[in-house]
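Engineer: My structure is below; once you've seen it, I'll send some questions.
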Amino acid sequence: MPDDLLSHLIGPSPYASAWLWTAVVLVFGLIAWYAAVFALTSRRRLRDLPVLGAARDELIRRRAVRAVRTIGNRYRAGELEPGPAGAAVSGELRSFLHAATGMNAEYMQVEAMAVGKLAPAAPILFELNDVQFNHRSVVDVGALSEATEELIREWT
């Protein structure tokens, strides 16, 4: 009989270690949430932050190169005509320039690009416009897509 009462005098069993790991994960999640809110709502642009800006630029560059390569491969396979292929490559290049520089490259005339920060892209865009709007153009869209990929890879 006295041994039966002894079980009620011992303290509670220790907590499971899963609670500790749950608390650690929740604390790190909260820190990540506050960091994301701070980064996305700060007055500085995301591209101005050292690590995030470099990662963002690299992701934009890879996506643009992949899209231009896909268009070039589709043109070489005969799925696209030169005009639509040139328009697609031009759109991707302009989209990349807008994301990389912040300038409205989608709406700028090529002549205006030739004198500004976007000058390295102007010769390719001139040829893409020729392919897009001139049915007798002899410019190879496959070569232009490769040149566009190289321009995007080397853009600083």
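Under this note's numbering, the first residue of the sequence shown is numbered 51, with each subsequent residue one higher. All residues carry an ideal CB built from backbone N, CA and C; glycine is no exception.
(1) With contact counted as at least three CB pairs below 8 Å, one residue from each stretch, are the stretch 194-202 and the stretch 157-168 in contact?
(2) Grab me the residues of residue 143's own chain with a C-beta within less than 6 Å of its C-beta, minus the 5 sequence neighbours each way, in chain order.
(3) Going by DSSP in three states, residue 148 sits in which element: helix, strand or coil?
(4) With a CB to CB cut of under 6 Å and the five nearest residues on each side skipped, what residues in its chain are close to residue 130?
(5) Where residue 108 and residue 73 are concerned, what is the direct C-alpha to C-alpha distance, given to the nearest angstrom?
(6) Using a threshold of 7 Å, state whether the C-beta atoms of residue 140 and residue 201 are closer than that.
(7) Measuring only the C-alpha atoms, how far is residue 156 from residue 166?
(8) Tell me the rounded alpha-carbon separation between residue 136 and residue 110.
(9) Tell me where the alpha helix (DSSP H) around residue 161 begins and ends.
(10) Mind checking whether residue 17 and residue 146 have CB atoms under 7 Å apart?
(11) Among the residues of its own chain, which have a CB less than 8 Å from the CB of residue 154, if the five just before and after it don't count?
(12) Where does residue 84 sit, in a helix, a strand or coil, going by DSSP?
(13) What do you reckon, are the CB atoms on residue 188 and residue 181 nearer than 7 Å?
Structural biologist: If we stick to the structure as given:
(1) no
(2) Residue mapping note: residue 143 aligns to position 93 of the sequence shown, counting from 1. Taken in chain order, the residues that qualify are 198.
(3) Counting from one through the sequence shown, the residue named residue 148 turns up at place 98. If DSSP states are grouped into helix, strand and coil, residue 148 belongs with the helices.
(4) Against the sequence shown, residue 130 aligns to sequence position 80. 124.
(5) Your numbering for residue 108 matches position 58 in the sequence shown. Your numbering for residue 73 matches position 23 in the sequence shown. Cα to Cα, residue 108 sits roughly 34 Å from residue 73.
(6) Residue 140 sits at position 90 when you count from the first residue of the sequence shown. Residue 201 sits at position 151 when you count from the first residue of the sequence shown. Contact flag unset, no.
(7) Sequence index remark: in the sequence shown, residue 156 carries index 106 (1-based). Sequence index remark: in the sequence shown, residue 166 carries index 116 (1-based). Take the alpha-carbon of residue 156 and the one of residue 166: they are about 15 Å apart.
(8) What you label residue 136 is simply residue 86 of the sequence shown in a count that begins at 1. What you label residue 110 is simply residue 60 of the sequence shown in a count that begins at 1. Each residue's alpha carbon lies about 20 Å from the other.
(9) The sequence position of residue 161 within the sequence shown is 111, counting from 1. Start and end: 160-163.
(10) Absent from the structure is residue 17, since the part of the chain shown begins at 51 and ends at 206.
(11) The count along the sequence shown starts at 1 and reaches residue 154 at position 104. Once the five neighbours on either side are set aside, the close Cβ partners of residue 154 are 148.
(12) In the sequence shown, the residue the question calls residue 84 occupies position 34. It is helical.
(13) Against the sequence shown, residue 188 aligns to sequence position 138. Against the sequence shown, residue 181 aligns to sequence position 131. No, Cβ-Cβ distance for residue 188 and residue 181 is not below 7 Å.
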